[in-house]
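*Asks:* So the protein lines, in turn, are chains A, B, C and D. Heads up: the first sequence at position 252 corresponds to 252 in the numbering used here, and the numbers run straight through without jumps. Heads up: the second sequence at position 220 corresponds to 220 in the numbering used here, and the numbers run straight through without jumps. Heads up: the third sequence at position 215 corresponds to 215 in the numbering used here, and the numbers run straight through without jumps. Heads up: the fourth sequence at position 227 corresponds to 227 in the numbering used here, and the numbers run straight through without jumps.
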Amino acid sequence: MPKMTFAQAIDYALGEAMARDERVVTFGEDVTMLRRNLFVRFGPRRVRQAPISEAAFLAAGVGAAMAGLRPVVEIMLVDFIAVAFDALLNEASKVRAFSGGGWNVPLVVRAACGGGYGDGGQHEQCLWGLLSAMPGISVAVPSNPADAAGLMLSAIDSDDPVVYLEHKLLSDYWLDYLGGGSRGTVSFDVPREGAEGEVACPPSPVPIGKARLVAEGGDLSLFSLGVGVHRCVEAARSLAERGIASEVIDLRSACPLDTELVTASARKTGRVLVVDEDYIAYGLSGELAAVLAEAGIKADFARVCSEGAIPFSRKLEDEVLPNVRRITEAALRLCEGRP
Amino acid sequence: MPKMTFAQAIDYALGEAMARDERVVTFGEDVTMLRRNLFVRFGPRRVRQAPISEAAFLAAGVGAAMAGLRPVVEIMLVDFIAVAFDALLNEASKVRAFSGGGWNVPLVVRAACGGGYGDGGQHEQCLWGLLSAMPGISVAVPSNPADAAGLMLSAIDSDDPVVYLEHKLLSDYWLDYLGGGSRGTVSFDVPREGAEGEVACPPSPVPIGKARLVAEGGDLSLFSLGVGVHRCVEAARSLAERGIASEVIDLRSACPLDTELVTASARKTGRVLVVDEDYIAYGLSGELAAVLAEAGIKADFARVCSEGAIPFSRKLEDEVLPNVRRITEAALRLCEGRP
Amino acid sequence: MKADMEELYRSMARIRFCEEALANLWQRGIISGEMHLGVGEEAVAAGVVAHLEDGDALALDHRSTPPLVARGVDLVPLFLEMIGDERGLCRGWGGHMHLFSREHLACSSGIVGSSAPLGAGFALAAQYLAPGKVAVSFFGEGAANQGMLLESLNLAVAWRLPQVFVCKDNRWAITTRSRSVTGGDLLRRARSFGMPACRVDGTRVEAVWEAAGKAVRRARAGRSPSFLLASCPRREGHFLGDPLLRVYREPLKQTLEIGPPLVRSLLSRPLQAFALRPLYMGIIGKTLTVLGIEKFLLEPDPLCRAARLVPDDVRRRIDQEAREEVERAVSAAMERGKRHA
Amino acid sequence: MKADMEELYRSMARIRFCEEALANLWQRGIISGEMHLGVGEEAVAAGVVAHLEDGDALALDHRSTPPLVARGVDLVPLFLEMIGDERGLCRGWGGHMHLFSREHLACSSGIVGSSAPLGAGFALAAQYLAPGKVAVSFFGEGAANQGMLLESLNLAVAWRLPQVFVCKDNRWAITTRSRSVTGGDLLRRARSFGMPACRVDGTRVEAVWEAAGKAVRRARAGRSPSFLLASCPRREGHFLGDPLLRVYREPLKQTLEIGPPLVRSLLSRPLQAFALRPLYMGIIGKTLTVLGIEKFLLEPDPLCRAARLVPDDVRRRIDQEAREEVERAVSAAMERGKRHA
Ligand SMILES: Cc1ncc(C[n+]2csc(CCOP(=O)(O)OP(=O)(O)O)c2C)c(N)n1
Ligand SMILES: Cc1ncc(C[n+]2csc(CCOP(=O)(O)OP(=O)(O)O)c2C)c(N)n1
Ligand SMILES: [Mg+2]
Ligand SMILES: [Mg+2]
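1. Quick check: is any heavy atom of ligand 1 less than 6 angstroms from the C-beta of C/N170?
2. Along the beta strand (DSSP E) that carries B/D278, what are the first and last residues, could you check?
3. Using the beta-carbon of each residue, which ones in chain A are nearer than 8 angstroms to C/E324?
4. For the alpha helix (DSSP H) containing D/M82, list its first residue and its last residue.
5. With 7 angstroms as the threshold, decide whether the Cβ of D/I83 is near any Cβ in chain B.
6. Our contact map puts C/M12 next to C/E42 with C-beta atoms below 8 angstroms; I'd like the distance itself, whole angstroms only.
7. Taking the straight line between their C-alpha atoms, what separation do you get for B/V141 and C/V314?
8. Along the segment 100-119 of chain A, where does the CB come closer than 8 angstroms to a CB of chain C? Name the residues.
9. Is D/A173 near ligand 2, going by C-beta to nearest heavy atom under 6 angstroms?
10. First and last residue of the alpha helix (DSSP H) that includes D/I15?
11. Just mark C/C107 as buried or exposed, buried being the case when its beta carbon has 16 or more other beta carbons within 10 Å.
12. For the putative contact between D/A158 and B/P51, defined by C-beta atoms under 8 angstroms, what is the C-beta separation to the nearest angstrom?
13. For a quick check, are the C-beta atoms of C/W172 and C/G47 less than 7 angstroms apart?
14. By the 10 Å Cβ neighbour count, where 16 or more other Cβ atoms means buried, how is A/A200 classified, buried or exposed?
15. From which residue to which residue does the alpha helix (DSSP H) around A/H230 run?
16. Would you say A/P311 reaches chain D, if we count a Cβ-Cβ gap shorter than 7 angstroms as a contact?
17. Any beta carbon from chain A within less than 7 angstroms of D/R28's own beta carbon?
18. Please list, in chain order, all residues of the same chain as D/G94 whose beta carbon is under 7 angstroms from its beta carbon, the five residues on each side excluded.
19. How many angstroms separate the CA atom of C/L291 from the CA atom of C/A144?
20. Taking C-beta to C-beta, are D/R10 and D/L303 nearer than 7 angstroms?
21. Could you name the residues of the same chain whose beta carbon sits closer than 8 angstroms to that of D/N170, not counting the 5 residues immediately before and after it, in chain order?
22. Helix, strand or coil: which one does DSSP assign to C/W93?
23. Smallest Cα separation from D/T255: which of D/E236, D/S226, D/L288, D/E151?
24. Please classify A/D176: does DSSP put it in a helix, a strand, or coil?
25. Can you tell me the Cα-Cα spacing of C/G184 and D/M195, whole angstroms?
26. Quick one: does D/G285 have its CB under 7 angstroms from some CB of chain A?
27. Identify the contact partners of D/A21 in chain C, using a Cβ-Cβ distance below 8 angstroms as the criterion.
28. Are A/A87 and A/P161 closer than 7 angstroms when you measure CB to CB?
29. In the structure shown, what three-state DSSP assignment does A/F312 receive?
30. Note down, in chain order, each residue of its chain lying with its Cβ closer than 6 angstroms to the Cβ of A/L34, except the 5 sequence neighbours on either side.
31. Counting pairs of Cβ atoms below 8 angstroms between the segment 111-122 of chain C and the segment 47-61 of chain A, do you hit three or more?
32. What residue ranges within the segment 61-129 of chain B form continuous beta strand (DSSP E) runs of no fewer than 3 residues, ordered along the chain?
33. So, helix, strand or coil for A/E319, using DSSP?
34. Against B/M33, what residues of chain D qualify as contacts under a CB-to-CB distance less than 9 angstroms, listed in chain order?
35. Taking Cβ positions only, does C/A148 come closer than 7 angstroms to chain D?
36. So, are the CB atoms of B/R46 and B/I156 less than 7 angstroms apart?
Below, the structure written as structure tokens:
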């Protein structure tokens, strides 16, 4: 299996899907340049430049999907989905229900998400919580190249809308673009196993809604996705040094949740720590708590999330985003039964 | 204290606030007619008609609030907030953080919400979960005239953005407008104590984030807001007949949550049922589960919510929205320790 | 080519009778929720839809039944849907603001303005999958202030979409005089995005047919999108039971409901702007009056106008056939609905 | 009234030196994230802001420093903010895309198009609280396709807001030639909403000053909003480190990075559209070339143009004063920042 960067893996999968199926097209702002490798291969008809009109072109993606295309619509950064929210909330996610099951929307919304490079709170949000709050939409969040390729394939194959989020800390070109990686003077805490890795060739689909057991352990379950997974793995290492065996689970998608794996792990360890780069309130951590409680699992529970708007200052930012120190401390408190 | 309808109470409070403070203005589509009583009193300068441009006039509300007005912006139905989502997610909710605390947005967004009158899934959503997922915004949801007036006053007095949701089943004129109440041939399951009641004169503010203990009981806690509260009260009555004493708590706001009252009640009863007309996933029920779990409360837990898009057919709709039968059954299962 | 007036008239008659049947079902409480009728828009729907062929698409707003009826959607499932039956067009899930017919590539949405980008999506798909096919978006003049609609005008030009934008200008958005919140002129607005736009009297089906023909042919040839601004009356208020219309229908009752609170506001303390209040009251009164006058005195009925262009006996035959067709469909729907309940 | 060229030049020089200082701090890794400079926009910022007085408001986009500098925001807190210090203008929370100065009624937002409705809100508040005051919104030509901006043009006319829309047309939105995704013409577009609009050469500060003066006076008098379309070059790419610019700055390195994957795509299997691929490759190449040529050959420098209108000795004095002012501010900020860290 060849090694690829996270970003290469996504476009590799997208390219394969486009080669296989004429109906797969991609459009968005600046795609000619952002997807120049696909552009050279497939041309301006299938890699189509859009005006800065997210509301219109995302809703157009919905209509196009209804009429038989399989569009992959790019909304540069997920923060900008706010200007096109109606297309998701009131159109894409409702067509299947409204049509009594007779019509569906095979649409992929692709956007970059996440922080850790000092770009401020309007460009570094995750928002997978917000997006999962709409029934009828799936939200995939890969944490490594193999999943990135596999989830992209599944997203394109899905007959219903999928939001596909690409974490910028894992995607070299986004970091280069937005973090100014071209300077030799800055560095980012990029998780290596996330940014590069082996990808099957041809890429094999990863089902959306199937979590991945990253590490086994009996004392504590760490649930996360995206970059958070790597932070958990790192925290688990330092916890191991203190004799605490953590189970790390990469949810891979915020919606649907793999309730089976999640409940099994929580049942086993009796302690759950949710690590979520998205906002703390009304998000992933809440939904997981409810899933566990509904299943009658009375585990000890804590969460390490972003508590509010993400500050611009790198120093402040590092404190606000879930970091290894915060995770480790929360885990220790949980294991010692402290509040 | 005079009796008022729910709708009268809101406009009464708004009118008092406008009379008291020149900076309070209200604008939105059709307000000349929707707020004609305020229009006759305050004229077109302070009750201002807007084009169907929610994105622009809601963001204008943000700017106006920053510059010293106290706007109450109407977004007819909360479903339409989707076209203006950016004004909340990336502007209103972030100004205080971005300005390092130096600038604030005293904005009220007023919208009607909720279903139960057969208007279909693009006009009957609640969305308080989605709205609460943005840090920096409060979401008030009154369930009766006194709270409606009191929460409106507090919303206007708040120095930060508040979304104020007015449930259509409690607001006679909305039901008349959208449900076609003018016909003698339809009827709605309107909770009487919600639609009419006493209101202090002058109205007294109700703090946002303070829940109300509606009924005491030791066996089970029912948490809800809006119309759900009345459904809970009704369910509690039928549960009482079977010897189950339910505690009913009206949260009054989805954000902030009154964690004190909520945890105290859950600690006492050990059984929690969340009744939420909003969507089940990534919403109020999840956040409450997390709040309880974080507090180390290992209560039995269940939720009765809207599971997905709201169907048009009244018959289907009655099944999808949390109704007394579903609440009672879930409560019984919870008390009998069944899953 | 000349318009086939008989077919256009038939289409309009079918639409009108369907709308009347819907009004009746709604008044009887059999249809729930809001009910926005397209009475007054028959000529626009019939004149535009007459140019569509298999594979063309329709994106509609909250007045979606007229174009669907003109398009030939089966009436029985349509009525079944309206009464919320699970054998309806959308199994009772959509209702009158969310009617979908995959077979006709037709969708509707209650979010004002969304028919424009959804139509753009249909047009985009046609470019790939069915060259020569077109998409038509229907919306009101009030929707022309909605951002996603304005964006769509640009998108359609930028992407050269085979799309026709049909703006039904009935001058009102619910209770708002659209002119009072709209800057400039909609025709110039559409043109400024770089597409041809023309104004047409939406009560004259032959005029609509002619203008729409040009626009559709232009789109089919892949030349450019177009914009049609069709004026038409709003003969039934914004929706059935529109409180403003009721002032005229049940003047006593409504005045009793609306009046006293208004007078109370007029006199309420503190007496800020007291002197001006009668003026404000006057504005409300005038809106009510204008609405009423327009409805009862000034507005031409497109169906009557079309009727004059068809020989009397033919018109009578068409009327009867259409009326019977609709009646049969309504009975069948009610019958099946009942059997099912 | 005639333009005070010395003051305008001073304003432009201050802006330029600030931008250069920002570039330097960014290159040194002291400023994080994206950095969109306003180099090339000095004449627009200076010419417009010169007309503002106490109580006027500014709503800005992602190139917000030039108008803030022209407006007289204290440079030390501005630089402190840029380096993320907690004694910065926004305590390190805002950064370069979210600069707020309550004192100057100035805000900025990184969401393209949002400066238009936020400015509308400022203008609205002025109508109530400070009649005679105005709000100015700055944005790019790419933003003119954003729905909320288009809505705002209408809103400003409908509400007669004392607002001036300033569109800085640098012809590019990141790597997209705006013309290629924009229908019609922006001047006509703005006018179609019912407001006066004029085109001005944004590299000539005296022309900007003149046009902006008319627009601001019009707004102040409560007569109507206006639209200014000011063409200006984008001299530093979209943001610092723009990969497309780097092709020219570090041709070897960038070609090595960009090239091989492109060639791999060119040859990748299956060979769909193989014959066309060199053409597609050509489009990429041409974009790169156009960007490069525009930058290095054709674009006039507004600062040089303005310099010609000021006596040489005066210009030298101003240059020196401005340079020293900026240098002092940067050192003070770095000093305090360090002390604090
Ligand atoms: C985004 C959005 N805003 C507001 C509404 C409420 N609404 C429904 S119909 C309507 C008026 C639309 O006017 P117009 O487009 O002229 O159509 P008409 O009803 O006159 O046919 C409004 C404001 C909505 N459905 N969606
Ligand atoms: C809603 C939204 N969409 C996309 C972006 C990403 N983006 C940032 S700047 C920019 C280009 C803006 O072009 P223009 O308005 O012409 O301003 P310029 O950068 O040329 O000054 C884009 C697309 C954004 N910030 N917000
Ligand atoms: Mg209208
Ligand atoms: Mg530009």
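Beta carbons are placed, not taken as given, at the ideal position from N, Cα and C, and that holds for glycine. Note that the structure is predicted; figures quoted are calculated from it, not measured.
*Replies:* Taking the definition as stated:
1. Sequence index remark: in the third sequence, residue 170 of chain C carries index 170 (1-based). Yes, ligand 1 has a heavy atom inside 6 angstroms of this Cβ.
2. Within the second sequence, numbered from 1, the residue matching residue 278 of chain B stands at position 278. Per DSSP, B/D278 belongs to the beta strand (DSSP E) from 271-279.
3. Taking the first residue of the third sequence as 1, we reach residue 324 of chain C at position 324. Residues of chain A passing the Cβ test: none, with the nearest at roughly 28 angstroms.
4. Position 82 of the fourth sequence, counting from 1, holds the residue named residue 82 of chain D. D/M82 -> alpha helix (DSSP H) spans 75-82.
5. Along the fourth sequence, one-based indexing puts residue 83 of chain D at 83. Not closer than 7 angstroms to any Cβ of chain B, the Cβ of D/I83 fails to qualify, so no.
6. Stepping through the third sequence from its first residue, residue 12 of chain C is reached at position 12. Stepping through the third sequence from its first residue, residue 42 of chain C is reached at position 42. 4 angstroms between Cβ atoms; contact.
7. Translated into positions along the second sequence, residue 141 of chain B becomes position 141. Translated into positions along the third sequence, residue 314 of chain C becomes position 314. Near 59 angstroms, if we compare the C-alpha coordinates of C/V314 and B/V141.
8. G100, G101, G102, W103
9. Here residue 173 of chain D corresponds to residue number 173 of the fourth sequence, with the count starting at 1. Indeed, a heavy atom of ligand 2 lies less than 6 angstroms from the Cβ.
10. As a position in the fourth sequence, residue 15 of chain D is number 15, starting the count at 1. Unbroken alpha helix (DSSP H) run through D/I15: 5-27.
11. In the third sequence, the residue the question calls residue 107 of chain C occupies position 107. Classification of C/C107: buried, given that the 10 Å Cβ count is 16 or more.
12. Residue numbering aside, residue 158 of chain D sits at position 158 when the fourth sequence is read from its first letter. Residue numbering aside, residue 51 of chain B sits at position 51 when the second sequence is read from its first letter. Sure, about 6 angstroms apart at Cβ, within 8 angstroms.
13. Position 172 of the third sequence, counted from the start, is the residue given in the question as residue 172 of chain C. Position 47 of the third sequence, counted from the start, is the residue given in the question as residue 47 of chain C. Against a cut-off of 7 angstroms, the Cβ pair of C/G47 and C/W172 comes out as no contact.
14. Taking the first sequence and counting its residues from 1, one reaches residue 200 of chain A at position 200. Classification of A/A200: exposed, given that the 10 Å Cβ count is below 16.
15. For this step, residue 230 of chain A is matched to residue 230 along the first sequence. First-last of the alpha helix (DSSP H) with A/H230: 227-241.
16. Here residue 311 of chain A refers to the residue found at position 311 of the first sequence. So yes, A/P311 belongs to the interface.
17. The sequence position of residue 28 of chain D within the fourth sequence is 28, counting from 1. Taking Cβ atoms only, chain A reaches closer than 7 angstroms to D/R28, which makes this a yes.
18. One-based indexing of the fourth sequence puts residue 94 of chain D at position 94. So the qualifying residues of the chain are E81, F100.
19. Here residue 291 of chain C is taken as the residue at index 291 of the third sequence, counted from 1. Here residue 144 of chain C is taken as the residue at index 144 of the third sequence, counted from 1. About 21 angstroms.
20. On the fourth sequence, position 10 is the one that residue 10 of chain D refers to. On the fourth sequence, position 303 is the one that residue 303 of chain D refers to. Not closer than 7 angstroms, so no.
21. In the fourth sequence, counting from the first residue as 1, residue 170 of chain D sits at position 170. Hits under 8 angstroms: G40, E41, G140, E141, S231, C232, P233, R234.
22. Counting from one through the third sequence, the residue named residue 93 of chain C turns up at place 93. Three-state DSSP puts C/W93 in coil, outside helix and strand.
23. As a position in the fourth sequence, residue 255 of chain D is number 255, starting the count at 1. With distances taken between Cα atoms, D/T255 lies closest to D/L288.
24. Numbered from its first residue, the first sequence carries residue 176 of chain A at position 176. Correct three-state label for A/D176: helix.
25. Taking the third sequence and counting its residues from 1, one reaches residue 184 of chain C at position 184. Taking the fourth sequence and counting its residues from 1, one reaches residue 195 of chain D at position 195. Computed Cα separation, rounded: 8 angstroms.
26. Taking the fourth sequence and counting its residues from 1, one reaches residue 285 of chain D at position 285. With 7 angstroms as the cut-off, D/G285 does not count as an interface residue toward chain A.
27. Taking the fourth sequence and counting its residues from 1, one reaches residue 21 of chain D at position 21. Near D/A21 there are no residues of chain C at all, since even the closest Cβ is about 37 angstroms away, more than 8 angstroms.
28. Along the first sequence, read from residue 1 onward, the residue named residue 87 of chain A stands at position 87. Along the first sequence, read from residue 1 onward, the residue named residue 161 of chain A stands at position 161. No, Cβ-Cβ distance for A/A87 and A/P161 is not below 7 angstroms.
29. Sequence index remark: in the first sequence, residue 312 of chain A carries index 312 (1-based). A/F312 falls in the coil class under three-state DSSP.
30. As a position in the first sequence, residue 34 of chain A is number 34, starting the count at 1. Result list for A/L34: empty, nothing under 6 angstroms.
31. yes
32. 70-77, 108-113
33. Locating residue 319 of chain A in the first sequence gives position 319, counting from the first residue. Helix at A/E319.
34. Locating residue 33 of chain B in the second sequence gives position 33, where the first residue counts as 1. Neighbours of B/M33 on chain D: none; closest Cβ ~17 angstroms, over 9 angstroms.
35. Taking the third sequence and counting its residues from 1, the one referred to as residue 148 of chain C is at position 148. Note that residue 148 of chain C corresponds to Met in the displayed sequence, not to Ala. Output row for C/M148: interface = yes.
36. On the second sequence, residue 46 of chain B is found 46 positions in, with the first residue counted as 1. On the second sequence, residue 156 of chain B is found 156 positions in, with the first residue counted as 1. Not a contact, by the Cβ cut-off of 7 angstroms.
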